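Participant: Sharing a structure, written as structure tokens. Questions coming.
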Amino acid sequence: KKLGRNRVEFFSRQLQDDLRGKRRLAEDLAQALEQGEIIPYYQVQLDARTREITGLEALARWNHPERGVLAPGAFLRIADEYGLSAEIDAAVLQRALEDRVAWQVLGYHVPRIAVNISPGRLADPALLDKLRRLAIPPGAIVFELVETIFLDDCDEKFLANIDLIKQMGIDIEIDDFGSGHASLIGLVRLKPKRLKIDRQLVTDVVESAEQRRVVGSIVEIAKALDVEVIAEGVETEAHAVTLSWLGCDSLQGFALGYPSNAADTGRLLASTGHDGKSRSVAG
Ligand code: C2E
Ligand code: MG
Ligand code: MG
Ligand code: MG
Numbered sequence: 266k267k268l269g270r271n272r273v274e275f276f277s278r279q280l281q282d283d284l285r286g287k288r289r290l291a292e293d294l295a296q297a298l299e300q301g302e303i304i305p306y307y308q309v310q311l312d313a314r315t316r317e318i319t320g321l322e323a324l325a326r327w328n329h330p331e332r333g334v335l336a337p338g339a340f341l342r343i344a345d346e347y348g349l350s351a352e353i354d355a356a357v358l359q360r361a362l363e364d365r366v367a368w369q370v371l372g373y374h375v376p377r378i379a380v381n382i383s384p385g386r387l388a389d390p391a392l393l394d395k396l397r398r399l400a401i402p403p404g405a406i407v408f409e410l411v412e413t414i415f416l417d418d419c420d421e422k423f424l425a426n427i428d429l430i431k432q433m434g435i436d437i438e439i440d441d442f443g444s445g446h447a448s449l450i451g452l453v454r455l456k457p458k459r460l461k462i463d464r465q466l467v468t469d470v471v472e473s474a475e476q477r478r479v480v481g482s483i484v485e486i487a488k489a490l491d492v493e494v495i496a497e498g499v500e501t502e503a504h505a506v507t508l509s510w511l512g513c514d515s516l517q518g519f520a521l522g523y524p525s526n527a528a529d530t531g532r533l534l535a536s537t538g539h540d541g542k543s544r545s546v547a548g
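Every letter in the sequence shown is one number past the one before it in the UniProt record's numbering, and letter 120, counting from 1, is 385.
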């Protein structure tokens, strides 16, 4: 009995420590946001046929003074729990717009930049006003929404907001398509510009005829709706060739480029022509 009580005490102490640890991390994160430590890394998206750069995805990183550059896995869940994810999205968008202008000043061709939008940010009633204040040039920014967002909240108000965002010249892209409860009705109603096939559907696309048929079917549905298809998680050249053959419009993944900081991304853009074609590589 005594042991049992001790165990309960031990357990609750652990929980408190955990809670305290989480709270401290959330406080650090809030401070990091204020100090501009949340920055985008950029990963290229290439045209599946020509391999020209057609887009960049901005991926949040925490440039931590002691722990180095942290990926979202280390802080996004805490951010969600403590209501900070909308601020992370905003910080990434803000910095992406600044990087974009800096690259343009240097004379680089800057493709569209895709930023990830959390459900919390999309639910913010002030979002549209905040976006208007940023005066985003049409075509400059794309919003990536995870599939679950639009399927959970596909009501009229939500769709009206999406329409207003589109009218600002911001395209909507459905992220991680195929990983959640995909609804074709949602897809038809939302009319995204593009959908991004989830990495899990890409992994075995070379070896598995079944997986190829699934991806091929998604491409066909997308084409029927006049929606572009991008594949994520392209880790090998065989992935790239197969996905291109299956009709994917663009490709993103480690085989084509790792997420990298603004300086390295700038150097990459500098090495491509105004059409996005590589200057150093023939063809
Ligand atoms: P995502 O939007 O699906 O982004 C793609 C993730 O896959 C990135 O992880 C990227 O580094 C990784 N990746 C890219 N190519 C490959 C590949 O070939 N193989 C594999 N295995 N992985 C690849 P990252 O940067 O750790 O981001 C994880 C997730 O965090 C993102 O998934 C996105 O859902 C979320 N996220 C990132 N930045 C933001 C942001 O600014 N706001 C919000 N709300 N979420 C973000
Ligand atoms: Mg994404
Ligand atoms: Mg994704
Ligand atoms: Mg994914």
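Ideal Cβ placement from N, Cα and C applies to all residues, glycine included.
The structure displayed is predicted, hence computed values, not measured ones.
Between which two residues does the beta strand (DSSP E) carrying Glu302 extend?
Facilitator: Against the sequence shown, residue 302 aligns to sequence position 37. Note, Glu302: premise wrong, no beta strand (DSSP E); not H, not E.
Participant: Under DSSP, the alpha helix (DSSP H) around Ile430 begins and ends at which residues?
Facilitator: Indexing the sequence shown from 1 puts residue 430 at position 165. From DSSP, the alpha helix (DSSP H) with Ile430 extends over Glu421 to Gln432.
Participant: Label Ser383 either buried or exposed according to how many other C-beta atoms from any shown protein chain fall within 10 Å of its C-beta, with 16 as the threshold for buried.
Facilitator: Sequence index remark: in the sequence shown, residue 383 carries index 118 (1-based). The residue in question, Ser383, is buried, as its Cβ has 16 or more Cβ neighbours within 10 Å.
Participant: State buried or exposed for Gly348, treating a residue as buried only when at least 16 other CB atoms are found within 10 Å of its CB.
Facilitator: By 1-based counting over the sequence shown, the position of residue 348 is 83. So Gly348 ends up on the exposed side.
Participant: How many Å lie between Asp282 and Arg288 at the Cα?
Facilitator: Sequence index remark: in the sequence shown, residue 282 carries index 17 (1-based). Sequence index remark: in the sequence shown, residue 288 carries index 23 (1-based). In a straight line, the C-alpha of Asp282 is about 10 Å away from that of Arg288.
Participant: Sorry if obvious, but does the Cβ on Glu409 come closer than 7 Å to a heavy atom of ligand 6?
Facilitator: Ligands present in the displayed structure are limited to ligand 1, ligand 2, ligand 3 and ligand 4, and ligand 6 is not among them.
Participant: Can you find a heavy atom of ligand 1 that lies under 7 Å from the Cβ of Pro524?
Facilitator: Locating residue 524 in the sequence shown gives position 259, where the first residue counts as 1. True, at least one ligand heavy atom lies under 7 Å from that Cβ.
Participant: Return yes when at least one heavy atom of ligand 2 lies under 7 Å from the C-beta of Glu322, else no.
Facilitator: On the sequence shown, residue 322 is found 57 positions in, with the first residue counted as 1. At least one heavy atom of ligand 2 is nearer than 7 Å to the Cβ of Glu322, so yes.
Participant: Going by C-alpha distance, which of Gly445, Ala323, Asp436 and Val494 is nearest Leu362?
Facilitator: In the sequence shown, the residue the question calls residue 362 occupies position 97. Cα-wise, what sits closest to Leu362 is Ala323.
Participant: Tell me, to the nearest whole angstrom, how far the beta carbon of Ala503 is from that of Val480; I am working on the premise that it is less than 8 Å.
Facilitator: To locate residue 503, count along the sequence shown from 1; it is residue 238. To locate residue 480, count along the sequence shown from 1; it is residue 215. Incorrect: roughly 14 Å between the Cβ atoms, too far for contact.
Participant: My output table needs one value for Ala344: the three-state DSSP class, helix, strand or coil.
Facilitator: Your numbering for residue 344 matches position 79 in the sequence shown. In this structure, Ala344 counts as helix in the three-state DSSP scheme.
Participant: To the nearest whole angstrom, what separates the beta carbons of Gly498 and Thr468, a pair I think is in contact under 8 Å?
Facilitator: By one-based count along the sequence shown, residue 498 stands at place 233. By one-based count along the sequence shown, residue 468 stands at place 203. Their Cβ separation, rounded to whole angstroms, is 7 Å, which keeps Gly498 and Thr468 in contact under 8 Å.
Participant: Consult DSSP for Lys461 and reduce its assignment to one of helix, strand or coil.
Facilitator: To locate residue 461, count along the sequence shown from 1; it is residue 196. Strand, per DSSP.
Participant: Starting from the C-beta of Leu311, find all residues in its chain whose C-beta is less than 7 Å away, skip the five residues before and the five after it, and write them out in chain order.
Facilitator: Within the sequence shown, residue 311 is the residue found at index 46, counting from 1. Once the five neighbours on either side are set aside, the close Cβ partners of Leu311 are Glu317, Ile318, Thr319, Ser515, Leu516 and Leu521.
Participant: Going by the beta-carbon positions, is the gap between Leu294 and Ala356 smaller than 8 Å?
Facilitator: Start at 1 with the first residue of the sequence shown, and residue 294 comes out as number 29. Start at 1 with the first residue of the sequence shown, and residue 356 comes out as number 91. Result no, Cβ atoms of Leu294 and Ala356 do not sit closer than 8 Å.
Participant: Grouping DSSP H, G and I as helix and E and B as strand, with all else coil, what is Ser545?
Facilitator: In the sequence shown, residue 545 corresponds to position 280, counting from 1. In this prediction, Ser545 has a pLDDT of 47, which is less than 50 and means its spatial position is unreliable; nothing more can be read from the coordinates.
Participant: For Ala351, tell me which candidate among Glu331, Glu500 and Ile303 has the shortest Cα-Cα distance.
Facilitator: Within the sequence shown, the letter at position 86 stands for residue 351. Out of Glu331, Glu500 and Ile303, Ile303 has the C-alpha closest to the C-alpha of Ala351.
Participant: In three-state terms, what does DSSP make of Glu493?
Facilitator: On the sequence shown, position 228 is the one that residue 493 refers to. Three-state result, Glu493: strand.
Participant: Give the list of continuous beta strand (DSSP E) stretches no shorter than 3 residues that lie fully inside the region 304-369.
Facilitator: Listed in chain order, they are 318-329 and 333-335.
Participant: Return the chain-ordered list of same chain residues with a C-beta closer than 6 Å to the C-beta of Phe408, the five sequence neighbours on each side being excluded.
Facilitator: On the sequence shown, residue 408 is found 143 positions in, with the first residue counted as 1. Ile382, Ile435 and Ile437, listed in sequence order.
Participant: Just the Cα atoms here: how many angstroms apart are residue 551 and Thr501?
Facilitator: The structure shown does not extend to residue 551, since the chain is modelled only from 266 through 548, so no value can be given for it.
Participant: Is any non-hydrogen atom of ligand 2 found closer than 7 Å to the C-beta of Asp354, if you look at the structure I gave you?
Facilitator: Here residue 354 is taken as the residue at index 89 of the sequence shown, counted from 1. Incorrect: Asp354 has no Cβ contact closer than 7 Å to ligand 2.
Participant: Go ahead and pull the three-state DSSP assignment for Thr468.
Facilitator: Against the sequence shown, residue 468 aligns to sequence position 203. In this structure, Thr468 counts as coil in the three-state DSSP scheme.
Participant: Bridge partners for Ile401 per DSSP, in chain order?
Facilitator: Sequence index remark: in the sequence shown, residue 401 carries index 136 (1-based). DSSP, once it has assigned bridges, lists no residue as partnering Ile401.
Participant: How far does the alpha helix (DSSP H) with Ala528 in it extend, from its first residue to its last?
Facilitator: Looking up residue 528 in the sequence shown gives position 263. Here the alpha helix (DSSP H) through Ala528 covers Ala527 to Ala535.
Participant: Rounded to whole angstroms, what's the CA-CA distance from Ser525 to Ile439? Just pull it up for me.
Facilitator: As a first step, residue 525 must be located in the sequence shown, where it is residue number 260. As a first step, residue 439 must be located in the sequence shown, where it is residue number 174. Using only the alpha carbons, I get a separation of about 23 Å.
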